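Read in UniProt numbering, the sequence shown has 302 at position 302, and its numbers run on one by one without any break.
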Amino acid sequence: MIKKCLGCGSIMQFSNSDKPGFIDKENYDNALVCKRCFRLKNYGDYKMIDDDANNYQEIYNKVKEKKDLILFLCDILSIDSKINEINDFKGKVLLVITKKDLLPKSVKEYKLINYIKDNYNIKNVDILFVSSIKNYNLDLLMNYINKNKTSENVYVVGDTNAGKSTLINAIIKSYSNVKSYITTSNMPATTLDVIKIKLNDNITLIDTPGIVRKDNFLYNLDYKDIKKVSPIKEIKPRTYQMKPNQSLLIDNYARIDYLSGHKNSFTLYLSNNIKVKRINLNTNNDLRSLNKTSFNLEEKKDIVIPGLCFCKIVAKAEVNVYVKNNVKVYERNNLI
């Protein structure tokens with residue numbers, strides 16, 4: 001009998017503990033979730049599964065060809081050009097911006113919607129902000145699904161850690177009688193294969209593995225650090241009045257050097273658990289052994305370290321950003 005883990009979607013097996021879906025042989029018949037999901041849920045014990053074992057990109061590409069309704073999820077702290085991929089889908093797409101509760105309540109949704117439409121090349125796409133933790137806009141989301149679905153299947157796609165499984169669990173809890181829940185965590189690649197959840201006779205949600213971006217700060221980070229850098233409640237922005245030759249140390253994770261310009265304002269949006277210290281650029285060399293990316297910014301630009309933070313900079317500035325290798329640091333127009 002072939003069984004699929006209700007937590008991550010993998011086919012359950014007892015032959016190889018390093019492969020997806022492993023369960024001890026003596027527990028196979030009665031188990032609902034694999035050993036990895038069980039330990040993650042009950043003990044916070046995360047085990048990374050080699051993403052070569054699961055062709056996430058192939059699944060993603062197949063969904064692009066579907067004519068069904070697609071929910072394309074994006075973490076509100078990681079809005080970038082990847083949302084342009086919406087144009088590649090043949091089905092109708094709703095852009096769902098998750099974790100709305102993380103930004104200060106003063107940030108207006110209509111301004112964020114205008115920002116997305118003005119800065120990214122997405123066409124004929126509706127946008128909805130949600131918070132799975134606060135159940136914010138879930139009624140609107142379900143109404144949208146019922147009005148726009150073309151079949152009973154509704155696909156949920158997005159990067160790993162975009163909040164797909166958390167959103168689906170919130171929907172299951174509020175809008176169905178389904179008793180099982182998908183495994184969730186702030187660790188990358190928690191969902192490993194397609195998971196189908198039949199909410200009712202009219203809607204089946206299909207959770208897909210998150211696309212793992214290896215240039216994201218969270219990639220290859222251990223469980224303790226991921227918990228520290230991943231915000232779980234409303235962010236308190238931290239503003240620093242900066243002069244040239246000053247730097248910001250973002251814990252032991254990153255460094256931003258302000259090289260030249262006038263008196264400036266740097267505002268960091270990041271987990272409240274992360275310590276930030278302003279230092280003298282010339283007398284403190286902490287973290288300069290990390291990989292450097294240089295920017296010559298026009299006014300009103302953000303520096304984004306995906307998976308860690310973004311820094312809103314008001315005036316023109318020449319800056320260096322130091323962060324671990326392979327993390328793609330980029331600039332964009334001010335989001336807020």
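By construction, the Cβ of each residue, glycine as well, lies at the ideal position given by its N, Cα and C atoms.
Please read these numbers as outputs of a predicted model, since none were measured by experiment.
Going by CA-CA distance only, name the one from Tyr-60, Lys-198, Leu-102 that's closest to Lys-134.
Leu-102
Roughly how far, in whole angstroms, is the beta-carbon of Asn-30 from the beta-carbon of Phe-22, given that I think they are within contact range, below 8 angstroms?
The C-beta separation of Asn-30 from Phe-22 comes to about 15 angstroms, leaving the pair out of contact by the 8 angstroms criterion.
Looking at C-beta atoms only, is the number of pairs between the region 211-218 and the region 267-281 that lie closer than 8 angstroms three or more?
no
How about residue 339 and Gln-241: do their beta carbons lie closer than 8 angstroms?
In this structure the chain extends from 1 to 336, so residue 339 is not present and cannot be described.
Can you tell me the Cα-Cα spacing of Thr-293 and Tyr-253, whole angstroms?
14 angstroms
Taking the beta carbon of Arg-36 as the centre, do at least 16 other beta carbons fall within 10 Å, making it buried, or is it exposed?
buried
Okay, do the region 61-70 and the region 147-160 touch, 3+ Cβ pairs below 8 angstroms being the bar?
yes
When Leu-205, Leu-308, Asn-284 are compared against Tyr-269, the one with the closest alpha-carbon
Leu-308
Is DSSP giving Ile-168 helix, strand or coil here?
helix
Integer Cβ distance of Asn-264 from Ile-305, believed to fall under 8 angstroms:
Beta-carbon to beta-carbon, Asn-264 and Ile-305 are separated by about 18 angstroms, too far to satisfy the 8 angstroms threshold.
Between which residues of its own chain and Cys-5 is the CB-CB distance below 7 angstroms, once the five residues before and five after are set aside?
Only Met-12, Gly-21, Val-33, Cys-34, Cys-37 meet the Cβ criterion.
Rounded to whole angstroms, what's the CA-CA distance from Tyr-28 to Glu-331? Just pull it up for me.
49 angstroms
Can you tell me the Cα-Cα spacing of Lys-108 and Leu-167, whole angstroms?
22 angstroms
With respect to the alpha helix (DSSP H) encompassing Leu-138, which residues constitute its N-terminal and C-terminal limits?
138-148
To the nearest angstrom, report how far apart Lys-127 and Lys-105 are at their CA atoms.
The sequence as given places Ile at residue 127; Lys does not occur at that position. Whole-angstrom Cα-Cα distance: 18 angstroms.
Look at the alpha carbon of Asn-186 and the alpha carbon of Lys-328, and state the distance between them as a whole number of angstroms.
Its pLDDT being 44, under 50, Asn-186 is placed unreliably in this model, and the value from its coordinates should be taken loosely. So the alpha carbons of these two residues sit roughly 20 angstroms apart.
From the DSSP output, in three-state form, read off Leu-112 for me.
helix
Run of the alpha helix (DSSP H) containing Lys-64, from where it starts to where it stops
Here the alpha helix (DSSP H) through Lys-64 covers 56-64.
Could you give the uninterrupted runs of the beta strand (DSSP E) lying entirely in the region 196-252, keeping only those of 3 residues or more?
204-207, 238-242, 246-250
Around the Cβ of Ile-232, are there at least 16 other Cβ atoms within 10 angstroms (buried) or fewer (exposed)?
exposed
Three-state secondary structure (DSSP) at Glu-85?
helix
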